[in-house]
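Take the sequence shown: its position 171, counting from 1, is numbered 171 in UniProt numbering, and each next residue is one higher.
Don't be surprised by glycine CBs; every beta carbon is placed ideally from N, CA and C.
Let me begin by presenting the structure, written as structure tokens, before commenting on it.
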Amino acid sequence: MNPGPPTRLGLITAGTLATVLLTACGGSDTSAEPTGETAEGYPVTVGTLFGDVEIEDRPENVVALGWSDAETALALGVQPVGVADWQGYGGTGVGPWASDLFDSEPEQLGTMEPNLEAIASLEPDVILDTRSDNSQERYELLSPVAPVVGPPPGVEVTYGTSWQQQTRQVAEVLGEQERGEELVTELEDRFAQLRADNPDFADLTIAVGAYFDGQYGAYVPGDTRVDVLAELGFEYEPELVEMADGAFYSDLSSELVEELDADLTVVFPIGGPEAVEFLNEDPVLQGIPSAQDGRLIVLDDPELVNAFSSGSTLGVNHALDGIVPLIQETLED
Numbered sequence: 001m002n003p004g005p006p007t008r009l010g011l012i013t014a015g016t017l018a019t020v021l022l023t024a025c026g027g028s029d030t031s032a033e034p035t036g037e038t039a040e041g042y043p044v045t046v047g048t049l050f051g052d053v054e055i056e057d058r059p060e061n062v063v064a065l066g067w068s069d070a071e072t073a074l075a076l077g078v079q080p081v082g083v084a085d086w087q088g089y090g091g092t093g094v095g096p097w098a099s100d101l102f103d104s105e106p107e108q109l110g111t112m113e114p115n116l117e118a119i120a121s122l123e124p125d126v127i128l129d130t131r132s133d134n135s136q137e138r139y140e141l142l143s144p145v146a147p148v149v150g151p152p153p154g155v156e157v158t159y160g161t162s163w164q165q166q167t168r169q170v171a172e173v174l175g176e177q178e179r180g181e182e183l184v185t186e187l188e189d190r191f192a193q194l195r196a197d198n199p200d201f202a203d204l205t206i207a208v209g210a211y212f213d214g215q216y217g218a219y220v221p222g223d224t225r226v227d228v229l230a231e232l233g234f235e236y237e238p239e240l241v242e243m244a245d246g247a248f249y250s251d252l253s254s255e256l257v258e259e260l261d262a263d264l265t266v267v268f269p270i271g272g273p274e275a276v277e278f279l280n281e282d283p284v285l286q287g288i289p290s291a292q293d294g295r296l297i298v299l300d301d302p303e304l305v306n307a308f309s310s311g312s313t314l315g316v317n318h319a320l321d322g323i324v325p326l327i328q329e330t331l332e333d
């Protein structure tokens, strides 16, 4: 696991890119006969942060590179041929709440440094990259291989595409708009019911943090973890937003860990059991007022942490099953 996607794309050499372009071009047969009429509803034009992208026909070979793009495609009934395994699941590259939706394991393609040659070898009809670092550099690296559907217009926080935006955008690409709206409505209705069932959540403040490799950090609005809790009715402590400077996450020095104090503080470790033990014993974290008052939750179940971090409709639903009871128990004490 990691705190979320890093915010910079590693460099890929010009020679590698040239090889990819030769592979992609050499693999096509320009003499092939037309396959017939396009599917109903195509072509479609999808708005992205980098301009409109036209999808000529219903995609058959889909590559899912953005954070939780693969889980979103699966929820819509489409199995990507290649995926980016952002949370280190292995196997199918998606969480256990989604892995059974694959008939066979897809190709693993890398995350911050996607394997362009492997992507091109899959001959994708489209590359989904709807939750990414928002960088022009990444878009320009991928776009010679296939049409790239990046984050929707207006997304300012890196990796800040909401689950609603991602579901609708991927559904538009795949020609599954009706199912996409069903998924959005079902999860929004669940949030509405949870808010109604837990009116005490309203007007309470939250802070969400992580501990990774000896460093604390805080998530800010635009990150799926904060947004999930906000949709339960909580309000975010605003002081950390400026520190994040347009990113989804801000590192915290030991002196700033107290910034995680709120009516409810949720922190999770990224690492093995020793990281959980550290958080439960760290005098800095345990000394903040919310911890002293019993309003600190240390998430210690890796599957729940991954679901909380997933940002897909499938993962968010799984996370709500576990995190809502924990919040209720903590606030009742």
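- Residue pairing by DSSP places D129 in no beta bridge whatsoever.
- A Cβ-Cβ contact shorter than 9 Å links G47 with P152.
- By the beta-carbon neighbour count (other beta carbons within 10 angstroms, threshold 16), A202 is exposed.
- Going by DSSP, S143 is part of no alpha helix (DSSP H) at all; its letter is neither H nor E.
- Within the DSSP bridge table, the entry for F212 names Q215 and I270 as partners.
- Look at the beta carbons and you see the stretch 165–180 not touching the stretch 214–232: under three pairs across the two are nearer than 8 Å.
- The C-alpha of G287 is placed about 34 Å away from the C-alpha of D133.
- Contact check for L194 and V62: beta-carbon distance about 32 Å, past the 8 Å limit, so the pair fails to qualify.
- In the displayed model, I288 falls within coil according to three-state DSSP, outside both helix and strand.
- Taking the C-beta atoms as reference points, V228 is found no nearer than 9 Å to V157.
- For H318, the closest alpha carbon among the candidates F191, A247 and G272 is that of F191.
- Residue burial annotation: Q87 is buried, with at least 16 other C-beta atoms found within 10 angstroms of its C-beta.
- When secondary structure is reduced to three states using DSSP, E37 falls in the coil class, being assigned neither helix nor strand.
- The C-alpha of P273 lies about 8 Å from the C-alpha of D300.
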